[in-house]
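Engineer: Residue numbers (my numbering), protein chains in the order written: chain A, 3 to 559; chain B, 3 to 559. For each residue, glycine too, the CB sits at the ideal point set by N, CA and C.
There are 2 protein chains.
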Amino acid sequence: MAKKTDAEKVLSPDELSNEFKEYSVAEFFKRNRQMLGYTGKVRSLTTVVHEYVTNSLDASEDAKVLPELLVEVVSLPDGHYKVVSEDNGTGIPKQNVGQALGKLLAGTKFMQRQQKRGQQGIGAAYATLFSQITTGRETHVKTSSGDYKVFECDVSIDINKNESVLHNQREYSAKFRGTRIEVELSEVEYNRGSYGPFEYLRRTAIANPHAQITLVEPNKEITAFPRASNDMPAKPKKVLPHPLGVTTSDLMDMSGVSPSRKISSMLQNEFSRLSAEKVKEVSSLCPGVDLERAPRNLQWQEAEKLVQAFQKVRWIAPETDALQPIGSGQLVKSLKNLLAPEELRVVERPPKVFRGGIPFMVEAAIAYGGNAGAVDTDGKPAGKGEVMRFANRVPLLFDAGNCAIVEAVKTIDWSRYDLKEWESMPLTVFVNFTSVYVPYTGAGKLAIAAEEEIVAEIRNALMECARGIAMYLHTLRRAEEQEHRRSIFFKYLGEVAQALSEVTGREKAVLVEKLRKIAEERTSLLEAAEADAEEGLDRLEKAASKAMVEDKEEEAG
Amino acid sequence: MAKKTDAEKVLSPDELSNEFKEYSVAEFFKRNRQMLGYTGKVRSLTTVVHEYVTNSLDASEDAKVLPELLVEVVSLPDGHYKVVSEDNGTGIPKQNVGQALGKLLAGTKFMQRQQKRGQQGIGAAYATLFSQITTGRETHVKTSSGDYKVFECDVSIDINKNESVLHNQREYSAKFRGTRIEVELSEVEYNRGSYGPFEYLRRTAIANPHAQITLVEPNKEITAFPRASNDMPAKPKKVLPHPLGVTTSDLMDMSGVSPSRKISSMLQNEFSRLSAEKVKEVSSLCPGVDLERAPRNLQWQEAEKLVQAFQKVRWIAPETDALQPIGSGQLVKSLKNLLAPEELRVVERPPKVFRGGIPFMVEAAIAYGGNAGAVDTDGKPAGKGEVMRFANRVPLLFDAGNCAIVEAVKTIDWSRYDLKEWESMPLTVFVNFTSVYVPYTGAGKLAIAAEEEIVAEIRNALMECARGIAMYLHTLRRAEEQEHRRSIFFKYLGEVAQALSEVTGREKAVLVEKLRKIAEERTSLLEAAEADAEEGLDRLEKAASKAMVEDKEEEAG
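Have a look at this one:
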């Protein structure tokens with residue numbers, strides 16, 4: 003056939019050379035969308051929502067306003083979906099709209115030592131690309147910093163160059179602050195299941211009690227996840243690295259861009275906990291490494307020696323005020339607000355350190371009853387247990403396998419807390435992992451590496467919550483048992499009264515009434531009674547006898 | 003503290019604009035190594051070996067020579083490892099060494115419609131980067147096309163620019179063909195476990211019987227995975243896409259670069275199975291789409307209509323001669339060579355199609371006994387079952403969850419084949435999935451999407467193998483049962499001979515000898531005997547009686 007290409011020839015070096023081509027990162031991710039979470043129709047849609055929502059939350063916090071987010075998913079007649087995302091954040095400067103939405107690997111977040119939600123500099127721009135390769139459409143954006151100057155345009159990506167293309171640019175005066183994005187997608191699907199946008203936003207709301215999030219679903223149903231708290235979270239600080247948290251490669255990178263004149267001053271100025279005394283100590287462990295040279299002259303082997311020396315020195319633990327947890331008070335409000343549980347236990351553990359130099363913090367909660375537990379595809383409680391995983395307040399919906407949180411849940415002996423069957427109970431297990439550096443495992447950044455210190459800390463937090471829930475369940479059970487005992491007592495009340503009537507000669511009806519009164523008055527005795535109902539009954543009978551005796555004495559007196 | 007940065011201020015639009023930065027793809031992957039399989043120390047090492055070995059196998063096939071691969075892993079005193087990879091392939095043209103090893107997103111393989119092992123244009127270059135960021139070293143390369151001109155140099159990557167930097171370039175005359183790479187790595191670890199380079203190469207050898215692979219381990223032990231066949235696999239052909247295998251985006255891409263003058267001729271010339279008649283049929287389904295215009299004028303909505311029309315037309319199935327399976331004959335040689343199993347069943351299924359337009363092929367095998375089954379960390383058989391997954395002959399060692407192969411294995415009712423306990427049997431389940439387009443799931447490209455047609459086909463192949471193994475096990479068991487019956491026979495032989503001796507008056511010892519001879523001669527009768535040993539004994543007794551009668555007649559005659 004003429005169509006076939008000739009595959010039988012061995013290429014000459016020159017011909018082989020002609021086969022070499024270079025590709026843009028946009029082209030690469032166009033063909034490797036699964037690396038960015040675009041696998042499966044529901045997940046792809048949730049990923050787009052996730053990218054916009056994390057950016058919106060960061061932008062609102064940057065603007066120091068309480069986030070007000072609107073997400074609207076519209077089903078279009080041709081099987082496409084439109085996603086609208088609107089926030090009240092900083093807005094995107096006009097000259098950066100192309101970078102933010104039309105160029106992969108550009109943005110404000112990459113490489114900062116600061117606890118942020120997004121970190122890739124790729125999310126929102128890839129949503130633009132995904133729209134483009136599934137529907138051929140441009141992404142519409144409207145943005146303003148709130149200075150009455152609003153910028154609108156349509157964005158697409160020149161895939162060969164990974165450069166933005168802006169069309170229909172308009173600038174006008176209006177009252178608006180924030181960013182509104184409209185994107186049209188195909189190869190996506192909406193549902194309310196546990197991997198869909200509804201669940202994603204529900205969890206986002208739980209971890210962000212200061213946010214007001216409104217979702218409009220394709221069927222036009224409007225769900226408001228209401229703000230539970232007006233307390234603005236403090237903005238996480240940028241932190242200097244702790245000596246135990248850097249690799250040789252990090253140190254080489256720092257030395258390449260350091261404004262310090264000497265390696266010694268770079269160490270002292272650009273690290274946390276690295277005092278002049280500590281510089282001397284480190285230096286003494288690295289004979290032959292001259293720290294009085296310029297940082298840019300630092301050699302790899304020298305940097306390796308310095309990092310090895312860092313491991314040998316005793317350090318003050320890293321500063322932890324860069325960590326910005328939800329806070330237990332806020333979390334209680336939030337979980338009550340959204341789950342209205344019968345019982346709730348929340349634990350905020352003090353900061354800990356993993357790998358010697360990286361601070362982290364675990365917040366955990368267990369909610370029982372009410373709307374707690376997994377939801378079915380209609381978003382209604384399904385009477386089943388669920389584990390909600392978060393890293394820096396971002397819900398981790400996918401790739402649960404190998405996650406430190408799931409690992410911790412697995413290794414807890416739930417039977418100790420009467421929660422052996424937790425998976426079939428209306429129970430929500432909540433964990434938020436907070437750190438400037440989240441050790442993600444797997445390519446999708448949706449599971450936290452199950453490192454020993456991290457798993458142990460999550461275990462401890464969850465066991466603390468579980469003890470509280472166990473007490474509640476115990477109290478519930480005791481109340482049930484008491485009710486059981488009481489019913490037994492009333493069952494026997496007639497017979498006891500009859501017997502007493504025969505012994506004392508008093509009227510049975512009066513005795514019944516007296517016994518009932520005693521039973522009601524002396525509930526405390528019932529509560530003291532052990533599980534054995536007969537034993538409780540014994541005591542009650544004794545109490546009844548004693549009361550009878552008192553009664554008699556009273557009469558006699 | 004003076005070190006703290008001010009995090010309390012809201013940035014002005016201009017200040018915010020200054021925060022925007024752009025990053026190179028090298029910088030991105032430096033910080034997202036997990037996306038490329040660099041998670042965990044053993045896996046990272048295996049990933050480097052995988053990248054070099056897949057390139058080497060492709061290069062040998064491009065050069066039309068039987069691959070001879072050397073992989074050496076050396077443990078260095080400072081905890082680093084050195085990996086040496088050498089092949090006898092095409093070599094890398096001197097002017098492309100930088101692209102091949104020092105620049106991400108450059109290479110010969112990206113975007114080809116051809117069954118190849120690697121497809122990312124990123125693997126070997128990322129190994130260079132990984133070396134650089136963990137040891138600060140350059141990667142050494144020696145390469146030649148076999149024209150007596152050898153080129154050697156050290157390669158690194160300018161991470162900010164994603165451009166290669168070549169040092170110590172030398173060119174000299176020598177007899178050498180192929181490529182030898184030496185790379186130094188840290189944050190890796192060697193072992194013989196099921197995720198290590200040993201197992202990776204063992205599986206590569208099984209799926210590539212035409213390759214000779216030698217591994218030198220850190221303890222200097224040399225393992226040769228010998229070539230099982232001298233048959234060179236045919237080089238896979240580049241194929242034109244089938245109309246059912248393209249998306250709107252694909253069609254738009256094609257129209258942008260098409261050399262055809264009209265859309266109609268592009269359809270006819272650049273698709274498989276799309277004849278002039280079919281163009282008419284497609285056209286009739288797309289009223290209003292003028293196919294006589296130039297391809298570059300095709301609009302998205304028009305392309306969408308064409309792709310929708312493709313779905314409605316009846317097509318001849320796609321050509322399958324682009325598929326290059328291992329071949330059942332080769333696979334038998336290979337599995338016998340490396341596993342020396344007691345029993346082996348190999349099935350090569352005819353090509354099938356998934357998603358209507360993408361051809362694929364499944365080869366499966368089950369090996370029982372011998373060296374089949376999982377190996378322990380010493381590389382010795384562990385007496386346990388294992389599933390070996392391959393896509394286009396490349397072992398898929400990681401991310402087994404959600405893989406179509408694992409899914410197929412799970413859904414088979416193994417008890418039907420007496421293999422219910424296969425996981426604790428010395429059993430190797432082998433599946434190779436062959437396709438120009440492998441529908442990978444997850445970011446790592448190490449699991450095949452469990453699409454219905456694919457899972458069904460793998461199931462069928464494995465059940466066919468399992469039937470063969472079941473027959474063997476049945477035969478084994480029957481032989482055991484026969485042995486059991488025989489032993490019962492010999493147990494009773496004395497008594498039978500005694501009884502016969504009493505009846506016939508002949509000497510017992512003679513009768514014993516005769517009976518034994520009969521038993522040996524008439525094994526076929528034993529084999530015909532049903533499981534019931536007594537029944538078999540009955541028959542033997544009858545046979546013995548008959549023989550006795552014949553004996554008598556003989557005597558009488």
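So, for I456(B): in the same chain, excluding its five sequence neighbours on each side, which residues have a beta-carbon less than 6 angstroms away from its beta-carbon?
Structural biologist: Excluding sequence neighbours, I456(B) sits near F356, A406.
Engineer: Are the C-beta atoms of K6(A) and some chain B residue less than 8 angstroms apart?
Structural biologist: Residue confidence is low: K6(A) scores 39 on pLDDT, short of 50, so the model does not pin down where it sits. No coordinate-derived value is stated.
Engineer: For the alpha helix (DSSP H) containing F132(B), list its first residue and its last residue.
Structural biologist: It spans 125–137 - the alpha helix (DSSP H) in which F132(B) sits, taken as one unbroken run.
Engineer: Under 8 angstroms between the Cβ atoms of S265(A) and L300(A)?
Structural biologist: What sits at residue 265(A) in the sequence shown is Ile, not Ser. In this structure, L300(A) lies closer than 8 angstroms to I265(A) by Cβ.
Engineer: Compute the distance between the beta-carbons of G104(A) and S158(A), then report whether it is under 8 angstroms.
Structural biologist: Yes, they are a contact pair.
Engineer: Using beta carbons (cut-off 8 angstroms, strictly below), is T130(B) in contact with chain A?
Structural biologist: No, its Cβ sits nowhere closer than 8 angstroms to a Cβ of chain A.
Engineer: Have a look at the DSSP bridge pairing and note the partners of K354(A).
Structural biologist: Paired residue(s): F362(A).
Engineer: Applying a beta-carbon distance threshold of less than 9 angstroms, which residues of chain D neighbour A108(B)?
Structural biologist: Absent here is chain D; the protein component of the structure consists of chains A and B.
Engineer: Closer than 8 angstroms is the cut-off here; do at least three beta carbon pairs connect the stretch 281–298 of chain A with the stretch 50–67 of chain B?
Structural biologist: Segments in contact, no.
Engineer: Does L13(B) come within less than 8 angstroms of chain A when only Cβ atoms are used?
Structural biologist: True, the Cβ-Cβ gap to chain A drops below 8 angstroms.
Engineer: Just grab the DSSP bridge partners of H142(A) for me.
Structural biologist: Paired residue(s): D156(A), E184(A).
Engineer: Once DSSP output is grouped into helix, strand and coil, what is the label at A94(A)?
Structural biologist: One point to set straight first is that residue 94(A) is Ile, not Ala, in the sequence displayed. DSSP places I94(A) in coil when its eight states are reduced to three.
Engineer: Tell me which same chain residues have a C-beta within less than 6 angstroms of the C-beta of G125(A), skipping the five on either side of it?
Structural biologist: Here the set comprises E53.
Engineer: Please report how far the alpha carbon of E24(A) lies from the alpha carbon of F153(B), in whole angstroms.
Structural biologist: So the alpha carbons of these two residues sit roughly 22 angstroms apart.
Engineer: So, is T413(A) buried or exposed, given that buried needs 16 or more other C-beta atoms within 10 angstroms?
Structural biologist: It is exposed - the Cβ of T413(A) has fewer than 16 other Cβ atoms within 10 Å.
Engineer: Just the Cα atoms here: how many angstroms apart are G507(B) and E482(B)?
Structural biologist: When rounded, the distance between both Cα atoms is 35 angstroms.
Engineer: Does D420(A) come within less than 8 angstroms of chain B when only Cβ atoms are used?
Structural biologist: No, no contact with chain B.
Engineer: Just the Cα atoms here: how many angstroms apart are V563(A) and R469(A)?
Structural biologist: In this structure chain A extends from 3 to 559, so residue 563(A) is not present and cannot be described.
Engineer: On the three-state DSSP scale, how would you describe H244(B)?
Structural biologist: Three-state result, H244(B): coil.
Engineer: Tell me, please, whether the CB atom of P383(A) is closer than 8 angstroms to any CB atom in chain B?
Structural biologist: Output row for P383(A): interface = no.
Engineer: Check whether chain A comes within 8 angstroms of P1(B), counting only Cβ atoms and requiring the distance to be less than that.
Structural biologist: The structure shown does not extend to residue 1(B), since chain B is modelled only from 3 through 559, so no value can be given for it.
Engineer: Measure from the C-beta of D233(B) to each C-beta in chain A and report whether the shortest distance is under 8 angstroms.
Structural biologist: Cβ-Cβ to chain A under 8 angstroms: no for D233(B).
Engineer: Out of M37(A), L71(A), L106(A), which one is the CA nearest neighbour of F22(B)?
Structural biologist: When each option's Cα is compared against that of F22(B), the closest is L106(A).
Engineer: Return no unless some Cβ of chain A is closer than 8 angstroms to the Cβ of S19(B).
Structural biologist: At least one chain A Cβ lies under 8 angstroms of S19(B).
Engineer: DSSP three-state label for V440(A), please.
Structural biologist: Three-state DSSP puts V440(A) in coil, outside helix and strand.
Engineer: Excluding five sequence neighbours on each side, which residues of the same chain lie with their C-beta closer than 6 angstroms to the C-beta of A319(B)?
Structural biologist: Counting only Cβ-Cβ distances below 6 angstroms, and skipping sequence neighbours, we find V355.
Engineer: Give every residue of the same chain whose Cβ lies closer than 8 angstroms to the Cβ of S14(A), excluding the five residues on either side of it in the sequence, and list them in chain order.
Structural biologist: No residues qualify anywhere along the chain.
Engineer: Can you list, in chain order, the residues of its chain whose CB lies under 6 angstroms from that of S336(B), leaving out five sequence neighbours each side?
Structural biologist: Here the set comprises I208, P211, A230.
Engineer: What does the Cβ neighbour count give for V313(A), buried or exposed, with the cut at 16 atoms within 10 Å?
Structural biologist: In the sequence as presented, Val is not what sits at residue 313(A); that position holds Gln. Under this definition Q313(A) is an exposed residue.
Engineer: Can you look up F22(B) in the DSSP assignment and give me helix, strand or coil?
Structural biologist: Note: F22(B) maps to coil in three-state DSSP.
Engineer: Measuring only the C-alpha atoms, how far is C467(B) from M427(B)?
Structural biologist: Rounded to whole angstroms, C467(B) to M427(B) spans 16 angstroms at the Cα level.
Engineer: With burial defined as no fewer than 16 other Cβ atoms inside 10 Å of the residue's Cβ, what is the status of D534(B): buried or exposed?
Structural biologist: Here the model assigns D534(B) a pLDDT of 45, short of 50, so the residue's position is not dependable, and the following value carries that caveat. By the 10 Å Cβ count, D534(B) comes out exposed.
Engineer: What does N434(A) pair with, by DSSP beta-bridge criteria?
Structural biologist: DSSP lists E365(A), F392(A) as partners of N434(A).
Engineer: 8 angstroms is my cut-off, CB to CB: does F30(B) come that close to chain A?
Structural biologist: Yes, F30(B) counts as interfacial toward chain A.
Engineer: What does DSSP give as the partner residues of G109(A) in its beta bridges?
Structural biologist: Answer by DSSP bridge pairing, in chain order: K23(B).
Engineer: So P243(B) and M268(B) are supposed to be a Cβ contact under 8 angstroms. How far apart are they, rounded?
Structural biologist: Actually they are not in contact, since the Cβ atoms of P243(B) and M268(B) sit about 12 angstroms apart, beyond 8 angstroms.
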